[in-house]
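Read through the structure below, which is laid out as C-alpha cells, and then see the notes.
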Amino acid sequence: MEVLQHLRGPVPTTMREVSALSQLNLDEDVPSIQGANFPILLQSNTDTNFSDITAFKSAFARSAEDARVYSHLNTLLEQGQEYAIMLYTWRSISRALPFIRSSDQPNRIKIYEKTKEILEPHCLKLKQFMFFQDAAIRRFVEEVKRLAHKDQKNFFVNQAYLVTLGKMIKMFALLDEMKNMKASMKNDYSNYKRAAQFLQVNDPDSHDVSIFLAKQKIIRDTLKESLIAIDGYEDLLIEIIHNSAQMYENKVYILPEEKHTHVIVIAFSLYLLDSGRIVDGKQVGVCLNKIAKRLNIGKLDRILKECEVVNLFGDMSVEPFSYIRQTASFDPSKWPECNSAKVSGQGVILTHMARFQEEYTSLTSDLAWHTNTTSIRLNERSAKENQELYDLALRGLQYLSGWSVQVLDTFSWKLAHCASGFTNHECPKDAENYEKATRYNYNSEERFAMIEIISMIKSVQTQLLRLEACYSEAIGRSVYRELQAIVVGQLSAPLLKAQKKKERIMLARLILAIQATCADQISDTMDLDMMMHTSSSSGGGTTGSKSWGKAASSKLSNSSNNNNHNNSMTTGSNSTMATVAASLANNNDSPTGSISTSSIFDSNKRRVGPSSSQLYLVRTMLELMVEQVSSTKQMIRKELDTATLSAIDTFLKHSFYWPYLLNFSETLIKCCDLSQLWYREFFLEMTNGACIQFPIEMSLPWIFTDHILESEHPGYTEYLLYMLDLYNDAADCALNRFRRRFLYEEIEAEANLVFDQLVYKLSDKIFRHYKRYASSILLDKRFRAEAQRTASWREPYPPPNRYTAALLRQRNIQLLGRSVDINRLICQRMTKAIYKSIEVAISRFHSSDITGIIELEAAIECNRLCHRMLSEQLELDDFDALLREADNLVTSRLGKITVHVFWELTYDLVKNYCYNDATNRFVPTNFTLTEVLEREKPPTVEAQYVWGSRSLNTCFETIFKLYRGFVGAPHFSAICRLLGYRGLFVVTAEVMKVAQSLLNQTLRDYVCRLVLLMPQSLILPSEKAESDAVFSALYTQLHQIYKYTDLRTNVFQNFREFGNILICCLQLEKNLSIEDSCDLRHAGPFIGQMPRQFFPPIPSHEEGLKGKSINELRREREIQYKELQKKQESMNIVLVVSRIGTEDVS
C-alpha cells in the first residue's frame, strides 16, 4: 500500500503525461512490403439470422415462420461445414495403435480396451455424421416437396432462397466426396468395431455406420432417390440451375468460394435432375435430353468447360462435368465443349496478367489518393465523398475476389493435372503425386505470375485495412442514405398516387409496409397498430407466380452489369404480400397520408446500415413489386412508373453487396484468404501413411519464396514477405476455422524452418551482391576494358538492388503472431560473413609467400568497401574490430599477418632472394641452398568469400600474378600499410635480432677462419696488366681461401642473408616515410597545416621582367597568394569549425 500511495500524483499532471503519449510517433519509416497484420481487429456482424424478425412482424405476414425455416437451413449449412472440416482433417489413428498379431497374445484384452477407449470419441463423431446427413437430406427433401406441391406452386421464391438451396446441394456433394476420399476414417472405424465386438459392447447403430462408410456415393444416391419420389421436383432444380448460371455468368458474387459453389450447384443439380430409367420397357422419370431446351445446355456446357476443375475443400478438387458423365442419359454430342480435346483456359494464368496489372495500378493509385486525403482531413466528408469511398471499397473487394479466384483456379487445375515426364523433363518418375502437382507443375513464368498476384492481393489488403474505419463509416453512411432515399423519397410519389385510387390499395399498403420496416420517417397519419394487427394473421391469398424465382431470374437476364443481384436471407410469397394488402384494404376508414421528401430529416447524419432481417424484408417486397411474371389479374409492376421501376432495379442491384460491405473487414479477410495453397490433406491421404508430412520443397509457399531467391530478380525481392503471409493465412484457418492444434503445429514447424532458410539464403544473396559490387568497383578499369575487348569475358556491374534495401529495413515482420526483426538477423549473418571473408583472406595469405601481401591488402579493402555499403542499411560491427579479431590481435600481442610477414621475410625472402640494385627489387635465386618452406594449403571456400564470383576471382588472380616473382616497393608499401607502426616495430626488431645473431655468431666464425687463410702479404698486380693477368695473380695468392669448402655455400649465403636484412629494413623505412608524408598531407586540413603554394622566383635580369618592374611583379604575386589563400580557407577544417562550429565541436 505504501508503494501504491507513493506512486500517486496530481491528476492534472497524470493526465498531461498520458496525453503526451499520443504525441509519440510509433510509425516506422520503412516501406510496407508485408501482409496486413493487426494485434486487434474489430469486426461487426449485422447478420442476426432472423432473431429480430418479430420486431418487423407488421411488414410481412408469415415472416417469422419463413425466417425459422430459413434459419434452420442456415444451421444445417453450418453443421455441414463442421462435418466437412472433421472429414478433411481426419488423420489415421489406428496406424499408431498396436496390432493383435495372434489370438494367443497375452495382452490383447488390454490392447482392445485401449483401442476402444482411444477410438470411441472419434467413432461417435462418425455416427453423428451419419445421423446428420440423414436429417439434412430429409429436411431438404421436405422443403423441395413443400415448394413443388401443386397448392404451393404460386409461391414467389426469393433469389436468396434459391442460393441457399444451392448451398445445400453443394454441401451434399462435398460431404459425399470427402467420405469417399477418406480411407483412413473407414479403417479407424473397422478397428473400433473389431475391438467393440471382442469386448462384447452392444452398439445397435454399428452395422448401419459400417454400411454407411463402406458404401461409395451413398449420400448422393440417397438424396437422388428421395428427390425422384417428389412430383415436380425438376421445376425447382431447373430454377436453381438457371439462378446459379445467371449469377456465374454475370459474376454476381464477392467471395471466391461462391464462384465454385455456383459451378458445383449446376453440375450436381443436373446429376440429381436426371432420373430417367426403363421400367417394363417404358421410359420413366426425367431425362436430360428431353428437357435440354429448358436447361440451355449450350450455356451450361460453356460454363463447365470454362471452370473445368473446382476447388472443393483445401487441396481437394473435383471435375464438375464428371457428375454429368455419371448420368444415365448422358449424350456426349450434347456437350461438345466439355468433350472436346481443347485445353481449358482455367489454369492459364499468364493470359490474365495484363488485366490484373492494369486493375492493380488503377486501384492502388485511387487508394493512395484517398489515403493522403484522409490523413490531412479536418472536417467530415460530404455525401459525394462517402459515395466515392463506398465505390472504391466495393471495387477493391471485387478486384481482390477476381485475383483470388484466379489463384485458386490455377491451383486447383494444377492439382488435377499433375506434371509428368512429358510435360516436365526434370520430373522424376518416382516423385510423389503432390510433388508432381506443385514442385514440377509450374514453370518460371507461372511462378512469377502467381507471386505477383499474391503480392497484389496482400498489398491491397494492407492498404484497405489501414483505413478500415474510414471505409466502414463511409459505407454505413452511403448505405443508410441510399436506403432512406428509396424508402422515404422515391416511394413517396407512388404512395400518394396509390392512396387516391382504390384499385392500387395493395401497392399503397406494400409501400407503407416497407416504410414501417426501415424508414426513419414515415407517415404519422397511418394507423400502424392496425397494420400490425391485420398483418400478423396468416395470409391465404393465391397471388403469386406460377414458377419459382422468376422475378430474380428476369432481372438477372435483363442486366449485363456485375452489380445487380440479390443476397437476401429468406423467402416470401406473393400470397403473403396479397394477404397484407387484402387485409388492410378491408378497412375503409383508414386515413391517407403523405410523406414529404423535403422534411427536416438529414440522410447523411447517420451511418447505421440495416440488419439482415430488414434488408431481407425490403428486398423481398421490392422484388415482389417489380415482378415481371404473375398469375394474378393484378400486377403491381404495372402500377409503377418507369422512374420508380428504374430506381427499384438500381436499389436491388446495389443492395446485393450490402451484407458484404457492412461486414467490410470480415469480407476483406475472406477475399484475401489463400490458406488453401498450404493444405495437403487429400494428397497425404493418398500416400496411405507413407508420408506423415511433405518436405518444404513440395510446399507452394516455400516454392515461391525460393524461386524469388534463386532467380535474383530485383523487381521481385520485395515480394518475399508476402509469400510468408500464406503461413499466417494457413495458421489462422487451422486455429479459427478448423480448430485443429496438430495442423497449427505442423504449420508452425514448417514456417520456422522456412524462415530460417529464408534468412540464410537472403543473407547469402545480399552478401554475394554487395561483395560483387565492391569487387567490381575495385577492379582496374583498364583491365576490364581490355578484357572485354580482347576476350569473351563479360562481367557487368551488379545492378543496384534498391528492393533489397527496402527489405533490410524491416524490423517488425509478423509471422504466426510473432514479431521478428529480420534486420537484426541479417546483421548477425552479414557480420559473420564479413568476418569469414577476412579470415579467408588471411588464410590465403598464410598459404602464399610474401608476394601475397598485395592480394591480402586488396581483399581487406574489398571487404571494407562491402562493409561500408552494407552499413548504410545494417548496423554492423566495426570493421577494424572484425579485422583485429580475425588477425588474432584481441587475445595476442602479435597478429597473424605480422607473424607470417616476419616468417616470410626471415625464412624465405632473406634466404632465397637476391637484391637487384638496378630494378630495386628482390628476385628469387636460381639455386636455393635452404630447405623449401612447407606452407598451408589455401582453404577451399565459396567464391563469394573471395571476390564475389568465379569470373571476378579469375580476373583478380590474373592481376595479382603480375606482383609475383619479385618483392619490391609495392610489397613493402603494403606491409607498411597493413602492419602499421606497431607491427613494423615488432618485425624489424625481430629481424634485427636475426641479423645480430648472424653477425655475432655465424659470420664472426667464418670471418675468423677466412683471416687465417689469408696470406701474410698481398701483392697487387700492375695497373697495366690485363684482366687475365690480374685474375691469375690474385688467384695464385688467394688459392687457400678459394679452396675453403664452405665459401660458396654457407659463407656467401650468410653474407647474402645479412645484406638482405639490411636492405629490407631500408626498404621498409623508405616506404614508411612515404606513407607518413601522405598521411601528413591528408591530415593537413584537419590540423591547420595547409601546404604552401609554389611561386617561381622573380627574375633578376631585364629579359625575365617582360617590361614590368620588380615591385609590380611582387604586388601581382601578393594578389595571387591572397586569392589562393581564400580558396584554401574552405579546405581548412580548423578554420571552418572555429567559424561555424559549437564550443563542444571546437
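Take the sequence shown: its letter number 853 is residue 853 in full-length UniProt numbering, and every next letter is one higher. From the three backbone atoms N, C-alpha and C, an ideal C-beta is built for every residue, glycine too.
- Residue state for phenylalanine 50 is assigned as coil, using DSSP reduced to three classes.
- Between leucine 684 and the set Glu934, Thr89, Ser492, the nearest pair of CA atoms involves Thr89.
- Proline 121: member of the alpha helix (DSSP H) spanning 108-148, first to last residue.
- Contact check for valine 991 against threonine 898 fails: the beta carbons are separated by 7 Å or more.
- Assigned with DSSP and collapsed to three states, cysteine 691 falls in coil, not helix or strand.
- Across the structure, leucine 758 and threonine 705 are spaced so that their CA atoms are roughly 8 Å apart.
- Closest in C-alpha terms to leucine 929, from the list Asp908, Gly948, Asp917, Glu936, comes Asp908.
- Setting aside the 5 residues that flank it on each side, serine 329 is surrounded in the same chain by Asp274, Gly276, Cys287, Leu288, Asn289, each with a C-beta closer than 7 Å to its C-beta; the list follows chain order.
- A direct Cα-Cα distance of roughly 9 Å separates asparagine 912 from glutamate 1057.
- In this structure, the straight-line span from the alpha carbon of proline 106 to that of isoleucine 100 is close to 10 Å.
- Taking valine 994 as the centre and dropping the five residues before and after it, the same chain places the C-beta of Thr906, Ile1061 closer than 7 Å to its C-beta, in chain order.
- It is roughly 32 Å from the alpha-carbon of tryptophan 947 to the alpha-carbon of cysteine 1065.
- Annotation: the continuous alpha helix (DSSP H) that includes tyrosine 835 extends over 822-846.
- A contact between stretches requires three or more CB pairs, one per stretch, nearer than 8 Å, and the region 457-466 meets this requirement with the region 662-669.
- Leucine 400 places its beta carbon 7 Å or farther from that of isoleucine 254.
- Unbroken alpha helix (DSSP H) stretches of 4 residues or longer found wholly inside the region 640-708: 642-655, 658-662, 664-671, 681-686, given in chain order.
- Under the three-state reduction of DSSP, isoleucine 813 is assigned to strand.
- In the three-state DSSP reduction, methionine 316 falls in the strand class (E or B).
- By the Cβ-count criterion, methionine 1131 is exposed, with fewer than 16 other Cβ atoms from all chains shown falling within 10 Å of its own Cβ.
- Nearest Cα to alanine 449 within the set Asn1050, Arg91, Ser404, Glu143: Ser404.
- Distance from the CA of alanine 751 to the CA of tyrosine 161, rounded to the nearest whole angstrom, comes to 42 Å.
- Straight-line measurement puts the Cα of asparagine 1054 at about 50 Å from the Cα of arginine 794.
- Within the region 207-237, complete alpha helix (DSSP H) segments of at least 4 residues are found at 218-228, given in chain order.
- Given a length threshold of 4 residues, each whole run of the alpha helix (DSSP H) inside the region 436-494 is given here in chain order: 444-466, 468-484.
- Per DSSP, the beta bridge partners of cysteine 914 are Val923.
- The DSSP-derived three-state label of valine 201 is coil.
- Excluding five sequence positions before and after asparagine 812, the CB atoms of its chain that fall closer than 6 Å to its own CB belong to Ser819, given in chain order.
- Here DSSP, grouped into helix, strand and coil, assigns arginine 818 to strand.
- Taking a cut-off of 8 Å on C-beta distances, the region 222-236 does not touch the region 198-212, as fewer than three cross pairs fall below it.
- When DSSP states are grouped into helix, strand and coil, valine 310 belongs to the strand group.
- Here DSSP, grouped into helix, strand and coil, assigns valine 405 to helix.
- Going by C-alpha positions, asparagine 339 is about 9 Å away from aspartate 301.
- In this structure the region 917-924 touches the region 955-969; the number of beta carbon pairs closer than 8 Å is three or more.
- Beta-bridge analysis with DSSP links valine 967 to Phe922.
- Annotation for alanine 419: no alpha helix (DSSP H) segment contains it, and DSSP assigns it neither H nor E.
- Histidine 260 has its alpha-carbon roughly 14 Å from the corresponding atom of glycine 347.
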